[in-house]
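Student: In my numbering, the protein residues as written are 2 to 484.
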């Protein structure tokens, strides 16, 4: 395939966008008209999963097409080796102009094959020239009170990460069109929302305040029914949620979360308008995905690291005019690891042998079902490797295997809410044995603790690099951005 006929690739990645907070979902009032339009113009995967429901491990899998067990990446402080084969590196070597704008959450090497990073993690969240200390709402972790620190942002909108991503993407697209119109590009625009701190423009927050409702769940679930892995993960995440159980605070956080989702949706729409204005829309493949989901109060939990669909399932939409189907909803089991070989295929390239994913082109172009009928996901409760687990999702079942021996098995056709754990029941003994054997073959659980301990890691994770609560005004004043 000649360089002129290779598609441009525009990849949008959000952070912590739960799959159900999109489209006209009666359970969630969030509005995403631009993503809805993208869905009508392309292919929407309704059973897409991340390979690890945590930022750095998930992004590493996306970047490399590999699982956590093969990369040695289980936590946000773990480091992807600088010489690892990545999608942007392969595309750069094949003649693409590659650029990353926004949040990458890389540790160590900050490019991993991208040729340009005009705006990213190396400056403060509010586009300051230095890392900014956390505001007075922060605790020792640097994360602060995640639920209480939600609402409207006091940072001037042009200085927010979301708006800077829009302006930098527009600037880069215009520059590329002016200087390299015949060279295909791979532009990745990575938003840090709707990840906490859940602070949004006032007009969007006020739109959802009073409209959201918290998920209903049995009050005894976490104490009496949840398996130990779930209880431990919720407890660890809850350390940053001082108001856990306060309905008013949770409602405020949920409204802010919805507002952040629509903010990202609006930002994507504006970048797509620039693409159309520059005459690039017809030859550009567009992808929208998120690195993982958000529990958002489901089962009384917030954040991620769990295998429930709210945490591990992601939105995934792919559009390529005149090449991929329009308006198709595909229920194939797919993952972020599949995007590396799929985008290589679109560019006329062979994916490296290290890729564990599969090419989704048969689904995208012809609506043909994938031969693969399962997808895996791994997780390790933060800094507690003994609480590691591996999820196997088949067309009907979800099986979650944990090192502690307390497993989960859900019939996703008849129990999509994942309330009735069938693991250990006599009726499912043969089914569970089969699923457990498949997990053992894939994951090799007896090696998990050694894999984890060998992971290259930063000594401390600097949360405030990404989640600063203050910004510095032009006159030198330090302004607290908490609501």
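Built from N, CA and C at the ideal position, the CB exists for glycine as well.
From the DSSP output, read off the bridge partner residues of residue 120.
Tutor: Taking the first residue of the chain shown as position 1, residue 120 is located at position 119. BP columns for residue 120 point to 102.
Student: Specify, as a first and last residue, the run of the alpha helix (DSSP H) that residue 341 falls within.
Tutor: Translated into positions along the chain shown, residue 341 becomes position 340. Residues 340-347.
Student: Helix, strand or coil, according to DSSP, for residue 200 in the structure here?
Tutor: The count along the chain shown starts at 1 and reaches residue 200 at position 199. Note: residue 200 maps to strand in three-state DSSP.
Student: Quick check on the DSSP output: the beta strand (DSSP E) that includes residue 307 runs from which residue to which?
Tutor: On the chain shown, residue 307 is found 306 positions in, with the first residue counted as 1. Where residue 307 is concerned, there is no enclosing beta strand (DSSP E), given that its DSSP letter is neither H nor E.
Student: Closest to residue 401 by CA distance: which of 13, 267, 310 and 355 is it?
Tutor: Here residue 401 refers to the residue found at position 400 when the chain shown is read from its first residue. The residue with the shortest Cα to Cα distance from residue 401 is 310.
Student: Considering only residues of the same chain and omitting the five flanking positions on each side of residue 69, which have a CB-CB separation below 6 Å?
Tutor: Position 68 of the chain shown holds residue 69. Only 53, 58, 75 and 379 meet the Cβ criterion.
Student: Determine whether the beta carbon atoms of residue 304 and residue 233 lie at a separation below 8 Å.
Tutor: The residue you call residue 304 lines up with position 303 of the chain shown. The residue you call residue 233 lines up with position 232 of the chain shown. It is not a contact, given that the beta carbons lie outside the stated cut-off.
Student: Per DSSP, what kind of secondary structure is residue 390 in: helix, strand or coil?
Tutor: Locating residue 390 in the chain shown gives position 389, where the first residue counts as 1. Residue 390: strand per DSSP, three-state reduction.
Student: Take residue 178 and list the residues in its own chain whose beta-carbon comes closer than 6 Å to its own, dropping the five residues that flank it on each side.
Tutor: What you label residue 178 is simply residue 177 of the chain shown in a count that begins at 1. Answer for residue 178: 279, listed in chain order.
Student: So does the region 359-371 actually touch the region 384-391, counting three or more Cβ pairs closer than 8 Å?
Tutor: No contact exists between the region 359-371 and the region 384-391.
Student: In whole angstroms, give me the CA-to-CA distance for residue 454 and residue 208.
Tutor: Locating residue 454 in the chain shown gives position 453, where the first residue counts as 1. Locating residue 208 in the chain shown gives position 207, where the first residue counts as 1. Straight-line Cα distance between these residues: approximately 46 Å.
Student: Name the residue from 428, 289 and 399 whose alpha carbon lies nearest to the alpha carbon of residue 417.
Tutor: As a working mapping, residue 417 is identified with position 416 in the chain shown. Nearest of 428, 289 and 399 to residue 417, Cα basis: 399.
Student: Assign residue 236 to one of two classes, buried (16 or more other C-beta atoms within 10 Å of its C-beta) or exposed (fewer than that).
Tutor: Indexing the chain shown from 1 puts residue 236 at position 235. Under this definition residue 236 is an exposed residue.
Student: My parser needs the beta strand (DSSP E) runs of 3 or more residues fully inside the region 260-323; what are they?
Tutor: DSSP runs (the beta strand (DSSP E)) wholly in the region 260-323: 285-291 and 317-320.
Student: Do the CB positions of residue 13 and residue 275 come within less than 8 Å of each other?
Tutor: For the purposes of this step, residue 13 is taken as residue 12 along the chain shown, with counting starting at 1. For the purposes of this step, residue 275 is taken as residue 274 along the chain shown, with counting starting at 1. No, the Cβ-Cβ distance between residue 13 and residue 275 is not below 8 Å.
Student: Assess contact between the region 166-173 and the region 76-88, defined as three or more Cβ pairs (one per stretch) separated by less than 8 Å. Is contact present?
Tutor: No, the region 166-173 is not in contact with the region 76-88.
Student: Using a threshold of 8 Å, state whether the C-beta atoms of residue 21 and residue 29 are closer than that.
Tutor: The count along the chain shown starts at 1 and reaches residue 21 at position 20. The count along the chain shown starts at 1 and reaches residue 29 at position 28. A contact, by the Cβ cut-off of 8 Å.
Student: Residue 147 by DSSP, collapsed to three states: which one?
Tutor: Reading the chain shown from its first residue, position 146 is the one you call residue 147. In the structure shown, residue 147 sits in coil (DSSP, three-state: anything other than H, G, I, E or B).
Student: Give me the DSSP bridge partner(s) of residue 330.
Tutor: Position 329 of the chain shown, counted from the start, is the residue given in the question as residue 330. Answer is 45.
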